[in-house]
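> So the sequence shown is numbered by UniProt numbering: it starts at 1 and just counts up by one.
Don't be surprised by glycine CBs; every beta carbon is placed ideally from N, CA and C.
Got a structure here, written out as structure tokens. Questions coming.
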Amino acid sequence: MQQGTLMRKVKSKSWKKQRYFKLQEDCMTIWYQSKRTGKTESAFSISDVETVREGHQSEVLQSVAEEFPPERCFTIVFYGRRGNLDLVAASAEEAQCWVQGLRQLIEPWSFPLTFALVCCTWIRDWFQKADKNKDGRMNFKEVQRLLKMMNVDMNEDHALRLFQDADKSESGTLEGEEFVLFYKALTQREEVLSLFQEYSEDGKKLTLLELADFLREEQLEDEGTEELAMELIDKYEPSETARARHVLSADGFLMYLCSLEGSIFNPQHRGLWQDMSQPLCHYFISSSHNTYLIEDQLRGHSSIEGYIRALKRGCRCLEVDCWDGPNGEPMVYHGHTFTSKIPFREVVSTLGKTSWGNSSSPLPLMGMSPPSSHPQRYGQSTAVQGISVLPESAARRHWVAQGASLSPTPQELKHKILLKGKKIGRLEDTLDGPGDEAPDVSDDDNGAEAEEERRRAKVRTQHGSALQKDKETLAQALSDCVIYCKNVPFRGFQEARSHSRPSEISSLSEAKARKLIRDEGNEFVRHNAWQLTRIYPSGMRTDSSNYSPQEMWNVGCQIVALNFQTAGMEMDLCDGLFSQNGCCGYVLKPSFMRDKETLFNPSDPSSREGPGPITLTIQVISGQQLPKVANSKEGAIIDPLVRVEIYGVPVDQAHQETKYIENNGFNPRWDETLQFQLHVPELALVRFVVEDYDKTSRNDFVGQFTLAFANIKPGYRHIHLLSKDGTSIPPSSLFVHIRITE
């Protein structure tokens with residue numbers, strides 16, 4: 001037997017052991033054993049793996065970065081609280097072999113003809129779980145146990161009939177292809193087959209023209225339907241003979257509907273599809289709060305893992321709280337609490353290596369609080385030295401010297417890092433010299449103008465006092481690093497219009513923001529059309545819980561900071577909004593929220609310019625292979641229901657749900673229609689939630705999928721469900737029919 005691949009398992013700078021790693025023949029299990037003893041140490045299932053990272057993208061691998069080059073290193077990240085597995089391969093080629101192979105197994109929807117791969121993997125996995133005596137065969141008793149495991153409560157006579165039909169050898173057991181036949185009979189999709197036969201003249205195949213008719217009439221594809229039909233046949237028809245004849249079988253039709261092209265998410269919006277040449281304030285920006293924390297806000301663990309996870313999730317605004325540390329070295333942690341600390345240099349090093357990952361998405365914004373030390377002390381100068389090593393940082397003075405705009409765009413700032421923090425003076429002072437000169441006031445000015453000048457003089461005095469205070473507490477070199485995101489206190493919308501600049505930003509607590517939304521909704525929208533606003537969670541949220549970001553997005557707040565470590569509806573909304581546009585972390589606001597003179601107020605939808613309300617009709621048809629509830633009793637089968645939730649302006653907030661289906665998480669059938677009216681669809685998010693009904697207590701979460709209304713593709717669509725922490729759980733899905741009418 002082949003021993004496997006010899007790699008180093010790394011736990012720390014001093015703990016590096018050689019282990020043999022091997023993917024089992026089932027393509028579902030990986031084991032590793034000691035090189036010295038030959039004893040198997042551990043094994044894990046592919047289904048336990050969340051993602052695979054290349055290079056030095058973990059604390060452990062960063063600690064050995066000087067010893068092992070990044071192209072030989074990778075990290076296997078598991079679901080839940082299980083620790084990462086950090087590995088160093090013997091060569092870059094060997095590392096790539098493992099990285100690409102693992103990704104194909106854990107992210108099958110990213111590859112061609114992947115529905116077949118998912119089903120193959122799924123069948124293999126279930127067969128192994130049910131084959132208790134590991135003899136490679138399954139008797140009827142094991143099949144009955146399998147059905148319970150798969151969330152199916154089936155009549156025993158019907159189950160026996162399926163078993164006997166699949167037992168071609170009449171041996172009383174199923175093996176190999178016989179089990180595949182049993183599985184196919186079990187997973188027969190009657191609702192898909194009837195749809196297929198509705199457009200198929202002979203009920204056995206769809207010709208090119210028949211498929212084009214389906215795409216045009218049901219999927220509302222209005223251009224190039226015959227060309228699209230040909231592409232789908234070439235991509236999803238498993239039979240070479242059928243492909244040569246340009247026809248699509250029922251299996252190929254199902255594979256198309258389960259693919260990304262058959263998903264509810266418009267595939268054209270997955271890539272970078274929005275205009276990225278507008279000012280920064282015209283975008284919603286994916287933002288995290290206290291990014292370094294991976295637990296609670298009082299005693300939680302601070303780790304660079306928080307930054308890595310947030311960036312991998314598409315976050316583009318990170319928070320770095322710097323405080324004085326030993327020997328003047330800045331430390332990052334939640335000040336005045338008992339959270340652990342990490343050196344600032346480690347954070348900067350991590351950002352330098354992982355800020356852009358696999359894309360050139362626009363600048364990460366790094367909200368940085370400077371060390372509290374006096375400017376002459378070592379802490380701030382050390383921070384400046386750390387910042388200076390960031391690649392292509394927009395914090396560098398030469399960017400300003402090149403005459404950049406006071407309102408730069410994401411396109412202009414690709415691969416740039418902006419620092420948000422205190423600054424001595426203003427950006428235009430750097431560009432053009434001191435400003436804010438007092439205007440001449442003639443003798444015949446009326447009293448109102450004189451009063452306005454006295455008010456301006458008072459503000460200049462306050463500005464001068466603040467400037468002096470900044471000079472006393474802030475090193476000039478650190479101030480110079482802050483360019484487009486100077487932090488300023490918020491003193492009201494009128495004050496901001498008179499004296500603030502587009503290059504400045506104010507931070508508001510969630511409570512303060514809610515009050516402004518309630519009292520001055522339209523003014524808030526106008527303010528956010530020309531200046532950035534950051535919202536942060538209440539200090540009372542010590543458990544790292546989150547507020548709903550939707551109410552903040554409704555008034556155009558760009559940087560709505562959430563605790564990324566806490567799963568739930570709030571992070572589902574965040575992931576749902578930013579899953580579009582190439583997951584670059586920037587989403588263009590609607591046009592009526594980019595106008596400084598807009599009349600829009602989220603509490604009054606009629607103030608929105610544009611067409612009237614639209615109607616969203618969702619027929620929830622069926623579900624497929626829904627997961628069991630976490631920590632459920634052995635043999636328990638869920639009673640699933642589907643709830644559709646609408647998040648948007650207050651008048652659009654709504655939810656409806658189907659009835660529950662008793663004892664069937666494998667292939668429940670609802671066939672129920674839900675209908676919603678949306679007055680401001682541009683701001684609406686739609687969340688599909690599957691729950692296990694419980695009449696005596698709160699329903700249990702099963703899965704969810706959230707997306708912006710603008711990304712919905714009408715027609716017959718599959719919704720590929722996500723877990724509570726936002727990771728995929730193939731092949732669990734919902735099958736729906738979507739219609740949008742005005």
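Please go through the same chain and pick out, in chain order, the residues whose beta-carbon is closer than 7 Å to the beta-carbon of E218, but skip the five residues on each side of it.
When the five nearest sequence neighbours on each side are left out, the beta carbons in the same chain lying within less than 7 Å of the beta carbon of E218 are those of G715, Y716, in order along the chain.
> Between the Cα of C557 and the Cα atoms of E412, M593, D575, which residue gives the shortest distance?
M593
> Name the residue from D700, K695, D725 whose alpha carbon lies nearest to the alpha carbon of I706.
According to the sequence shown, residue 706 is Thr rather than Ile. It is D725.
> By DSSP, does K22 sit in helix, in strand, or in coil?
strand
> Taking just the CA atoms, how far does D700 sit from I638?
When rounded, the separation of the alpha-carbon atoms in I638 and D700 is 9 Å.
> At which residue ranges does the stretch 711 to 742 contain complete beta strand (DSSP E) runs of 3 or more residues, listed in the order of the chain?
715 to 722, 728 to 741
> List the whole-angstrom C-beta distance separating L298 from F338, where the pair is believed to meet the contact cut-off of C-beta under 8 Å.
6 Å
> For T658, count neighbouring Cβ atoms within 10 angstroms of its own Cβ and tell me buried if that reaches 16, exposed if not.
buried
> Are there 16 or more other CB atoms within 10 angstroms of the CB of P279, so buried, or fewer, so exposed?
buried
> Could you check if M540 is buried or exposed, using at least 16 other CB atoms within 10 Å of its CB as the buried criterion?
exposed
> Determine, using beta carbons only, whether E742 and I618 come nearer to each other than 8 Å.
no
> Would you kindly check if the distance between the Cβ of S622 and the Cβ of P650 is under 8 Å?
no
> Taking 8 Å as the cut-off, decide whether the C-beta atoms of P586 and M276 are in contact.
Note that residue 586 is Tyr in the sequence shown, not Pro. Cβ atoms of Y586 and M276: closer than 8 Å.
> What separation, rounded to the nearest whole angstrom, lies between the Cα atoms of L722 and I646?
Computed Cα separation, rounded: 18 Å.
> For K35, I'd like the list of residues in its chain whose CB is within less than 7 Å of its CB, leaving aside the five on either flank, ordered along the chain.
L6, Q18, R19, Y20
> Rounded to whole angstroms, what's the CA-CA distance from Y693 to K148? Just pull it up for me.
Taking the straight line from one Cα to the other gives about 18 Å.
> Determine the closest residue to R497 out of L532, N546, G665, I308, with distance taken between C-alpha atoms.
L532
> May I have a chain-ordered list of the alpha helix (DSSP H) segments no shorter than 4 residues that lie completely inside the stretch 119 to 194?
As far as the stretch 119 to 194 is concerned, its whole alpha helix (DSSP H) runs of at least 4 residues are 140 to 149, 156 to 166, 177 to 186.
> Any contact between the stretch 245 to 253 and the stretch 193 to 207? By contact I mean 3 or more CB pairs, one from each, below 8 Å.
yes
> Going by beta carbon distance, what residues of the same chain come within less than 7 Å of D652, once the five residues before and after it are set aside?
I646, L678, H679, V680, A684
> Could you tell me whether the stretch 509 to 528 touches the stretch 475 to 482, using the rule of 3 or more Cβ pairs below 8 Å?
Flag = no, the stretch 509 to 528 and the stretch 475 to 482 do not touch.
> Of all the options I417, V482, K414, Q411, which has the alpha carbon lying nearest to the alpha carbon of K423?
Minimum Cα distance to K423 is reached at V482.
> According to the neighbour-count rule (16 or more other Cβ atoms, all chains shown, within 10 Å of its Cβ), is T75 buried or exposed?
buried
> Taking H527 and F493 to be in contact with their CB atoms under 8 Å, please state how far apart those CB atoms are, rounded to whole angstroms.
5 Å
> Identify, in the order they occur along the chain, each residue of the same chain with its Cβ nearer than 8 Å to the Cβ of S58, setting aside the five sequence neighbours on each side.
Spatial neighbours of S58 in its own chain (CB-CB distance under 8 Å, excluding positions within 5 residues in sequence) are listed in chain order as T75, N84, D86, E305, I308.
> For V560, list the residues DSSP reports as bridge partners.
Per DSSP, S286, I535.
> Using a Cβ-Cβ cutoff of less than 7 Å, which residues in the same chain neighbour Y199 once the five nearest sequence positions on both sides are dropped?
L206, E210, D213, F214
> I'd like to confirm the pairing. Which residues does DSSP put opposite M7 in its beta bridges?
R19
> Taking Cβ to Cβ, would you say K628 is nearer than 8 Å to W530?
no
> Per DSSP, what kind of secondary structure is V553 in: helix, strand or coil?
With the sequence shown as reference, residue 553 is identified as Trp, and Val is not the correct amino acid for it. Of the three classes helix, strand and coil, the one that applies to W553 here is helix, per DSSP.
> Compute the Euclidean distance between the alpha carbons of M138 and P70, then round it to the nearest angstrom.
46 Å
> Can you list, in chain order, the residues of its chain with a C-beta nearer than 6 Å to that of A95? Leave out the 5 residues immediately preceding and following it.
R72, F74, A89
> Mapping DSSP to helix, strand and coil, what is M331?
strand
> May I have a chain-ordered list of the alpha helix (DSSP H) segments no shorter than 4 residues that lie completely inside the stretch 680 to 716?
No alpha helix (DSSP H) of 4 residues or more sits fully in the stretch 680 to 716.
> In whole angstroms, give me the CA-to-CA distance for R53 and Q100.
10 Å
> Measure the CB-CB distance between S544 and Q565 and report whether it falls below 8 Å.
Contact flag set, yes.
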